[in-house]
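*Asks:* Numbered according to my numbering, the sequence shown spans residues 245 to 1002. We put the CB at the ideal spot given by N, CA and C, even for glycine. Encoded as structure tokens, here's the structure I'll be asking about.
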Amino acid sequence: MDRFYKSLVIISVFIVSHSLYVFFKAPYIGANLKLNEKGQVEIVDLDPAAWASKAGIKKGDILLELNGERIQGINIQLQQDSILKIKSQDGIKVLKVENLIFSEHSLYMLIIPLIIYFLCLFCSYFIYKSNEKINSISPYFLNIFLLFISLAYLSGSASARGDHVSQYLVLLFFISVPVIYLHFLYYYFLEFGNVLFNKKLIYAGYIIVFLNIVARIIEDFYNHLSLFTKFFSLFSFLVVFFISFVTKIVGLSKVKFSEIEYPVKVLIVTNVIAFSPFIVLYVIPYLFLEQAIFSPALLASFLLLVPFSLVYQFLSSKIYDIEFILGRVKYYALLSILPTIFLVAFIILLKEHNPKIYPIQLSIIIYILMICVFYFKEIVDFRFRFKRFSEKYNYQDSILKYTSRIRKAGSLKQMMAELKSTILEVLKVSRAYCLVVHESGRIEMVDDDGDGGLLEIAPYEKDILNAVTEIGKIVEFDKGFVLTVGETNRRKYVIICLSVIKTPKLTRDEISWLNSLAFYTNVTVENFLKIEELMERLEKAEEGNSNPAWLKKLLFAIEEKQRSNLAKDLHDSVLQDLISLKRQCELVLEESGQYPATTIEKIQSMNQNILDIIHMTRETCQELRPQILYDLGLVKAVSKLVAQYEEQCNFQIRFNTGNFNKQLDINMQLNLYRIIQELLSNARKHSNAKQILIMLVNIREKIVLHYEDDGVGIDEELLYAKTESMGLSGIRERVKALDGEMKIETSPGNGFRVLIEI
245 MDRFYKSLVI ISVFIVSHSL YVFFKAPYIG ANLKLNEKGQ VEIVDLDPAA
295 WASKAGIKKG DILLELNGER IQGINIQLQQ DSILKIKSQD GIKVLKVENL
345 IFSEHSLYML IIPLIIYFLC LFCSYFIYKS NEKINSISPY FLNIFLLFIS
395 LAYLSGSASA RGDHVSQYLV LLFFISVPVI YLHFLYYYFL EFGNVLFNKK
445 LIYAGYIIVF LNIVARIIED FYNHLSLFTK FFSLFSFLVV FFISFVTKIV
495 GLSKVKFSEI EYPVKVLIVT NVIAFSPFIV LYVIPYLFLE QAIFSPALLA
545 SFLLLVPFSL VYQFLSSKIY DIEFILGRVK YYALLSILPT IFLVAFIILL
595 KEHNPKIYPI QLSIIIYILM ICVFYFKEIV DFRFRFKRFS EKYNYQDSIL
645 KYTSRIRKAG SLKQMMAELK STILEVLKVS RAYCLVVHES GRIEMVDDDG
695 DGGLLEIAPY EKDILNAVTE IGKIVEFDKG FVLTVGETNR RKYVIICLSV
745 IKTPKLTRDE ISWLNSLAFY TNVTVENFLK IEELMERLEK AEEGNSNPAW
795 LKKLLFAIEE KQRSNLAKDL HDSVLQDLIS LKRQCELVLE ESGQYPATTI
845 EKIQSMNQNI LDIIHMTRET CQELRPQILY DLGLVKAVSK LVAQYEEQCN
895 FQIRFNTGNF NKQLDINMQL NLYRIIQELL SNARKHSNAK QILIMLVNIR
945 EKIVLHYEDD GVGIDEELLY AKTESMGLSG IRERVKALDG EMKIETSPGN
995 GFRVLIEI
């Protein structure tokens, strides 16, 4: 096989050289001939873009002479500057053949065939080198298949110019392509232990090739079977291609979930796409309608997909998900049906009355139709989002299930386990490991998979370190991928997913889905880590028998929230009921003439008591939640508080805030307000003071609160023994929560002074 392949490559070089020689020597006429009943050479079909049509030759014209000699048969080859004598309805014409080498046909008859040939040589070289050590049979047939594709296309260019040798070559290569492909599939699957079909089917294919060659020889001998041989060759190609297509589907089902599944799937899909335009738009219409929809030279350009797909598989470490691409194609093909119908209808109805205005009219219609298409697509995408034909899984449902699961997770390990199970359910991976990457680059397992897991992920350490740069970053490799799902100041959390086979590239939907999972997980990881950190700090605080400042601040915040909720409940329920009850008493008093005087007095007394309770309830609500503090700020709230105490108590209060202009958050203002409130409450209960001074100023970055009264004072030695009764404990705790300092100066008969700096 090795010698045969090398010989075939050398022969292919000679065939390509011969085809190029014919291309530059003989012009492309673009006319099909047949012998009519009178034995005359009649033109039966024309290529509208070729020389014959442009020279004015029409169907039904008769070829009389070539270079002054009478034409006897249909196998003629014209050369540049040949003289043709033609009989048409308009009379006798004499035409000089011109060779338009660089015409629009050069792309499909020279450039693309040469590109396909060199790409096929490139692929066959890679296949040959990779098979040197293995020495399998199937790669040789794959190389022959590639060479036959390219040679059939190149020989077709020379055959269209009337070269007799190339006509035999193109027939041989053209019919042999699906047979060689069948031969390749047979040995390819046999090497993996699968027998797709009986080998006699391959022999039958080669017999069909032989019969087509024989039919061509008979045609040349009798000179009048051209239509039969063409139909026979096209029908033979269609039959053998259909057989190869069926065997591909059967073979794919046999290698499902194996390592070669996706390479085989890519090979099958690209071959089907490459040959389908030629079969659907040329072979089938010609067999049933005797009329091709497109030129075979144009349709054969799709054969570029065959070598391109092989080059891609050789040079790329991962392949695209064919199911995703086919799903997208099906989705957009369905969406394109209505726009195509409307566009064709408009073009048919909009007849070309004025050549100058027609392009403008057509452009406007197409532009409006494209706007409608994009708008319609947006509506369809919204209505069927996450449930399109291109999706194999419902990604939205899986995200919703994942979020509901992680709400029940009680630890970081449980949450990571839910993430693993979600990914394993949806993607084509078999194992997943959750890892922690430290700032130093050290990698640890989150779950308890032992040293086996670390050994398995060791080859992908570089990929893991590349992925931890940002949340949601995905790094793919041949058998899986790495995804970063969480981070803290010094640690990154990643999940690595692996498969026993090479996995296809992640699709756009899968990448978007994984990014969503990563961001959801990151938020959850941060919450778990904060809760764990909080629990550790609480345990340390409990061991040290002292509450840290952050805990005190948290407790005071919880206390204020409870106060606020209680104030709202009192205001919305009890206070409103009292107001309603007072209104009922007033209505009764308005009808006082109907009741005895004693009853009226009782109702008046009850009404006054209700009014007093209303005032007390309002004051309680104000103490629980000083609304003026939220509305007008600390200074106004303390001023109102001072005014209330002056009305209720026998001391005078001077409140000085002349230099206080610092903007404080609501928690800071609320704590300062509570401190002043507690100091005034202590003064009313214990000090017997006549004069009280309160100063609230800010000095540079500090807030200074100074309290002083001329009351009875207290012995400092007894001060902390009575803090619970005097309320100083709460003040001291609030100062600590604000990271401040408090200094107390007092003695019996010398008043009470407090200096607080925050």
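Considering only DSSP beta bridges, list what Arg314 is partnered with.
*Replies:* Glu309
*Asks:* Can you give the beta carbon distance from Gly995 to Gly971, rounded, assuming they're within the 8 angstroms contact cut?
*Replies:* Not quite, the Cβ-Cβ distance comes to about 17 angstroms (not below 8 angstroms), so this is no contact.
*Asks:* Helix, strand or coil, according to DSSP, for Thr990 in the structure here?
*Replies:* Secondary structure of Thr990 (DSSP, three-state): strand.
*Asks:* Where does the unbroken alpha helix (DSSP H) through Asp722 begin, and where does it stop?
*Replies:* No alpha helix (DSSP H) holds Asp722; DSSP gives it neither H nor E.
*Asks:* To the nearest angstrom, report how far apart Ser263 and Tyr352 are at their CA atoms.
*Replies:* Our two residues, Ser263 and Tyr352, have alpha carbons roughly 14 angstroms apart in a direct line.
*Asks:* On the three-state DSSP scale, how would you describe Gln535?
*Replies:* coil
*Asks:* Is Ile609 near the ligand COA, in the sense that its beta carbon is under 6 angstroms from a heavy atom of that ligand?
*Replies:* The model on display carries no ligand, and the ligand COA is accordingly not part of it.
*Asks:* Identify whether Ile1002 lies in helix, strand or coil by the three-state DSSP scheme.
*Replies:* Note: Ile1002 maps to coil in three-state DSSP.
*Asks:* Opposite Ile330 in the DSSP bridges: which residues?
*Replies:* Leu307 and Lys337
*Asks:* Taking C-beta to C-beta, are Val690 and Val680 nearer than 7 angstroms?
*Replies:* Going by C-beta atoms, Val690 is nearer than 7 angstroms to Val680.
*Asks:* Evaluate the contact criterion for the stretch 491-498 versus the stretch 724-732: three or more CB pairs, one atom per stretch, below 8 angstroms.
*Replies:* no
*Asks:* May I ask you to report which of helix, strand or coil DSSP gives Asp289?
*Replies:* Look at Asp289 here: in three-state DSSP terms it is strand.
*Asks:* Spatial neighbours of Cys893 within its chain, please: C-beta separation below 7 angstroms, excluding the five flanking residues on both sides.
*Replies:* Arg928
*Asks:* Apart from the five residues just before and just after Lys987, which ones in its own chain have a Cβ nearer than 6 angstroms to its Cβ?
*Replies:* Leu999
*Asks:* Within a Cβ cutoff of 7 angstroms, which residues of the same chain sit near Phe481, ignoring the five residues on either side of it in sequence?
*Replies:* Phe418, Ile419, Pro422 and Val527
*Asks:* Could you name the residues of the same chain whose beta carbon sits closer than 7 angstroms to that of Phe392, not counting the 5 residues immediately before and after it, in chain order?
*Replies:* Closer than 7 angstroms at Cβ, skipping near neighbours: Phe417, Ser420, Val421 and Ile424.
*Asks:* Tell me, please, whether the stretch 573-585 touches the stretch 611-624 by the rule of three or more beta-carbon pairs shorter than 8 angstroms.
*Replies:* yes
*Asks:* Determine the direct distance from the alpha carbon of Ser931 to that of Ser969, and round the result to whole angstroms.
*Replies:* For Ser969, the predicted structure reports a pLDDT of 49, less than 50, and the residue's modelled location is therefore unreliable. A value from the coordinates is still provided. Whole-angstrom Cα-Cα distance: 13 angstroms.
*Asks:* In whole angstroms, what is the alpha-carbon distance linking Thr751 and Leu671?
*Replies:* For the pair Thr751 and Leu671, the Cα-to-Cα distance works out to about 11 angstroms.
*Asks:* Leaving out five residues on either side along the sequence, give the residues of the same chain with a beta carbon under 7 angstroms from the beta carbon of Leu914.
*Replies:* Glu804 and Leu873
*Asks:* Let me confirm a value: His408 is counted as buried when at least 16 other C-beta atoms fall within 10 Å, else exposed. Which label applies?
*Replies:* Classification for His408: exposed.
*Asks:* Which residue or residues does DSSP assign as beta-bridge partners of Arg997?
*Replies:* Glu952 and Glu989
*Asks:* Looking at the structure shown, is Val738 part of a helix, part of a strand, or coil, going by DSSP?
*Replies:* strand
*Asks:* List the whole-angstrom C-beta distance separating Leu432 from Lys443, where the pair is believed to meet the contact cut-off of C-beta under 8 angstroms.
*Replies:* Looking at the sequence itself, residue 432 is Tyr, so the reference to Leu does not match. Contact doesn't hold; Cβ gap of about 14 angstroms is too wide.
*Asks:* Should Val948 and Glu1001 be called a contact, given that it needs their Cβ atoms to be closer than 7 angstroms?
*Replies:* yes
*Asks:* Quick check: what's the CA-CA separation for Ser520 versus Lys278?
*Replies:* Ser520 and Lys278 have their C-alpha atoms spaced approximately 29 angstroms apart.
*Asks:* Output yes or no for whether 7 angstroms exceeds the beta carbon distance between Asn387 and Tyr249.
*Replies:* yes
*Asks:* Using the C-alpha atoms, what's the distance from Phe721 back to Val453?
*Replies:* 44 angstroms
*Asks:* Given that a residue counts as buried once 16 or more other Cβ atoms are within 10 Å of its Cβ, and exposed if not, what is Ala841?
*Replies:* exposed
*Asks:* Report back the beta-carbon spacing between Phe590 and Ile609 to the nearest angstrom; my notes put them in contact at under 8 angstroms.
*Replies:* 5 angstroms
*Asks:* Would you call the stretch 850-865 and the stretch 815-829 in contact, with 3 or more CB pairs under 8 angstroms?
*Replies:* yes
*Asks:* Enumerate, from N- to C-terminal direction, the unbroken beta strand (DSSP E) stretches of 3 or more residues contained entirely within the stretch 886-929.
*Replies:* 896-900
*Asks:* Between the Cα of Lys934 and those of Asp909, Lys946, Leu310 and Arg898, spot the shortest distance and give me the residue it belongs to.
*Replies:* Arg898
*Asks:* Judging by CA-CA distance, which residue of Ile512, Ile327, Cys741 and Val266 is the nearest neighbour of Arg314?
*Replies:* Ile327
*Asks:* So, at 8 angstroms on beta carbons, what are the nonlocal neighbours of Leu991 in its own chain, with the 5 sequence-adjacent residues on each side left out?
*Replies:* Before going further, note that residue 991 is Ser rather than Leu in the sequence given. Here the set comprises Gly957, Ile958, Asp959 and Glu960.
*Asks:* Taking Leu937 as the reference, give the member of Gln605, Gln896, Lys645 and Arg944 with the closest Cα.
*Replies:* Gln896
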